[in-house]
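Per the UniProt record's numbering, the very first residue in the sequence shown carries number 1; after that it's consecutive. A virtual CB, placed ideally from N, CA and C, is assigned to each residue, including glycine. Below is one structure; the comments refer to it alone.
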Amino acid sequence: MPGRRSPWMTQDLDDFRDLARTFCEKEIKPNIDRFIKNRRVDRELWTQAGKLGLLCTSIPEEYGGGGGNFHHEAILIEEQARVGDSSWGASLHSGIVAHYLLHYGTEEQKQEWLPKMASGEVVTAIAMTEPGTGSDLQGIKTRAIRDGDDYVINGAKTFITNGYHADMVLLACKTNPDEAAAGVSLVIVPTSSEGFRRGRVLDKIGLKGQDTCELFFDDVRVPASNLLGDEEGQGFIQLMMQLPQERLLVAISCAASMDLMLDLTHEYTLSREAFGKPIFGFQNTKFKLAEVATEARVTRAFVDECIFLHVEGRLDIPTAAMAKYWASERAQQVADTCLQLHGGYGYMEEYPIARAWTDLRISQIYAGTTEIMKEIIARSLPKPS
Numbered sequence: 001m002p003g004r005r006s007p008w009m010t011q012d013l014d015d016f017r018d019l020a021r022t023f024c025e026k027e028i029k030p031n032i033d034r035f036i037k038n039r040r041v042d043r044e045l046w047t048q049a050g051k052l053g054l055l056c057t058s059i060p061e062e063y064g065g066g067g068g069n070f071h072h073e074a075i076l077i078e079e080q081a082r083v084g085d086s087s088w089g090a091s092l093h094s095g096i097v098a099h100y101l102l103h104y105g106t107e108e109q110k111q112e113w114l115p116k117m118a119s120g121e122v123v124t125a126i127a128m129t130e131p132g133t134g135s136d137l138q139g140i141k142t143r144a145i146r147d148g149d150d151y152v153i154n155g156a157k158t159f160i161t162n163g164y165h166a167d168m169v170l171l172a173c174k175t176n177p178d179e180a181a182a183g184v185s186l187v188i189v190p191t192s193s194e195g196f197r198r199g200r201v202l203d204k205i206g207l208k209g210q211d212t213c214e215l216f217f218d219d220v221r222v223p224a225s226n227l228l229g230d231e232e233g234q235g236f237i238q239l240m241m242q243l244p245q246e247r248l249l250v251a252i253s254c255a256a257s258m259d260l261m262l263d264l265t266h267e268y269t270l271s272r273e274a275f276g277k278p279i280f281g282f283q284n285t286k287f288k289l290a291e292v293a294t295e296a297r298v299t300r301a302f303v304d305e306c307i308f309l310h311v312e313g314r315l316d317i318p319t320a321a322m323a324k325y326w327a328s329e330r331a332q333q334v335a336d337t338c339l340q341l342h343g344g345y346g347y348m349e350e351y352p353i354a355r356a357w358t359d360l361r362i363s364q365i366y367a368g369t370t371e372i373m374k375e376i377i378a379r380s381l382p383k384p385s
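If you want it as structure tokens, here you go:
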């Protein structure tokens, strides 16, 4: 929002924002249409970002990262949203996969993968969702069965962000198919492995420039040392511990998108005329934009609080669920209001508001649906005595 600066910002973070903004303005914004047409970003975008130090900014320098914290990840997400891009999967690569490796990987795994992720040499994905299962991670069918010093993996995944470019996939699978949550493990799978193949890049109503793929594992053999964690069966707990950060990333993107939609719509209503005066001159338009500005401000304040808590290590699972639920639902309402104020032009794909409207719809589904967020929040409420 114009003139507003998050309370956690510092001069160093201002400088980083300038770097991130310049990159997004020069390397992403002019290419958004091409990314959408190709259904993926250019592979070179990753290495360009790596050279500038925009990848894995919250990973320690000893592993090739930027040595910063979650503030840096949040800023890059905000600047990407500011130019209206939803194609580049950097937040998943740096803010999610890298942190699974940092928190649960062996020293050898960290040294092998994190520097290459920070440079953009390696692009990563995390594969949880399967064709027959949605949010129920306990019910996944993909198996990684121990065979001597290897795991043999069979199964399929769908809706995998960065799936086309991924050089490494962090795979949620069953190392003990007879167990539910206790049977889930995370295994590192290089996409060069024999038996791994990518399916089609999926057609979606939004996020059209994002390389969301199906992935297939047919007797893929990887070393047992690729297990993430000290022993099998830790995957479900690892996922639950890292999901709050993933949900906060979604909330940050939604909050930034609300600011963008407000700016786009305010500008449009000032320039577009009806009945001899700008659309902004009508009371209904002013009141609707006043509502949008307030929704955006309130959401930003809550998200900023969550960012502060997360950097301090105090963001709990229910609060992260609240942030994701609130920001995603409010962003979709704002998108609907702003599209309406654009009239028929809002329904045209070349207008950014139309893309925002379709892009934001998935935010109420991925990283846990709104219904699951409400269930998590409800469980945290005091029980009747």
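In terms of residue numbering, what span does the beta strand (DSSP E) encompassing residue i cover?
| i | result |
| --- | --- |
| Lys157 | 150-160 |
| Lys116 | Careful: Lys116 lies outside any beta strand (DSSP E), inside the alpha helix (DSSP H) at 107-119. |
| Lys26 | Per DSSP, Lys26 belongs to no beta strand (DSSP E) and is neither H nor E. |
| Ala172 | 168-174 |
| Ile252 | Taken as a continuous stretch (DSSP letters only), Ile252 belongs to no beta strand (DSSP E), being part of the alpha helix (DSSP H) at 235-271. |
| Ala127 | 124-127 |
| Ala144 | 143-147 |
| Ile188 | 184-190 |
| Asp218 | 213-223 |
| Arg4 | Looking at the DSSP string, Arg4 is not in any beta strand (DSSP E), and its letter there is neither H nor E. |
| Gly199 | 196-201 |
Going by CA-CA distance only, name the one from the options that's closest to residue i.
| i | options | result |
| --- | --- | --- |
| Ala323 | Gly343, Thr22, Ser363, Thr285 | Ser363 |
| Pro7 | Ile307, Ala354, Asp316, Lys383 | Ile307 |
| Gly132 | Phe159, Ala49, Gly183 | Phe159 |
| Glu62 | Ser86, Arg4, Gln111 | Gln111 |
| Gly139 | Ser253, Ala378, Phe236, Arg21 | Phe236 |
| Ala296 | Pro223, Asp304, Ala255 | Ala255 |
| Pro115 | Glu130, Ser94, Thr129, Tyr104 | Ser94 |
| Leu339 | Asp263, Gln242, Gly53, Ile252 | Asp263 |
| Thr124 | Glu108, Lys157, Gly89, Asp136 | Gly89 |
| Arg5 | Ala49, Gln109, Asp259 | Asp259 |
Give the C-beta separation of residue i and residue j to the nearest angstrom, bearing in mind that I take them to be a contact with Cβ-Cβ under 8 Å.
| i | j | result |
| --- | --- | --- |
| Ala335 | Thr299 | With a Cβ gap of about 13 Å, Ala335 and Thr299 do not count as contacting. |
| Glu73 | Thr57 | 6 Å |
| Arg361 | Gln333 | Contact flag wrong, Cβ pair sits at about 12 Å. |
| Ile153 | Val220 | 4 Å |
| Val201 | Tyr164 | 6 Å |
| Leu239 | Leu137 | 6 Å |
| His75 | Leu170 | Before going on, a small fix: residue 75 reads as Ile here, not His. That belief does not hold up - the Cβ atoms of Ile75 and Leu170 are roughly 24 Å apart, past 8 Å. |
| Arg21 | Glu79 | 5 Å |
Can you grab the Cα-Cα spacing for the pair residue i / residue j, in whole Å?
| i | j | result |
| --- | --- | --- |
| Pro2 | Glu232 | Bear in mind that the predicted position of Pro2 carries a pLDDT of just 49, short of 50, making it too unreliable to give a figure here. |
| Leu249 | Gly195 | 33 Å |
| Phe302 | Gln11 | 22 Å |
| Arg43 | Pro382 | 49 Å |
| Met9 | Ile365 | 30 Å |
| Ser91 | Phe70 | 11 Å |
| Gln210 | Arg40 | 5 Å |
| Lys204 | Ser385 | 47 Å |
| Gly281 | Leu270 | 8 Å |
| Lys374 | Ala321 | 8 Å |
| Leu315 | Pro244 | 8 Å |
| Gly120 | Ile32 | 20 Å |
| Ala127 | Glu273 | 48 Å |
| Thr358 | Asp147 | 45 Å |
| His342 | Asp85 | 20 Å |
| Ile377 | Tyr325 | 10 Å |
| Ala354 | Leu227 | 42 Å |
| Ile77 | Gly199 | 28 Å |
| Gly155 | Gln234 | 19 Å |
| Thr161 | Val189 | 15 Å |
| Ala180 | Lys174 | 8 Å |
| Asp178 | Lys157 | 20 Å |
| Arg82 | Ala251 | 14 Å |
| Ala367 | Leu207 | 15 Å |
| Asn176 | Thr142 | 10 Å |
Start-end ranges of the alpha helix (DSSP H) lying completely within the stretch 336-375, minimum 4 residues: 352-359
Entirely enclosed alpha helix (DSSP H) segments - the stretch 39-114, minimum 4 residues: 43-51, 70-82, 98-104
Ranges of the alpha helix (DSSP H) found wholly within the stretch 271-334, counting only runs of at least 4: 283-311
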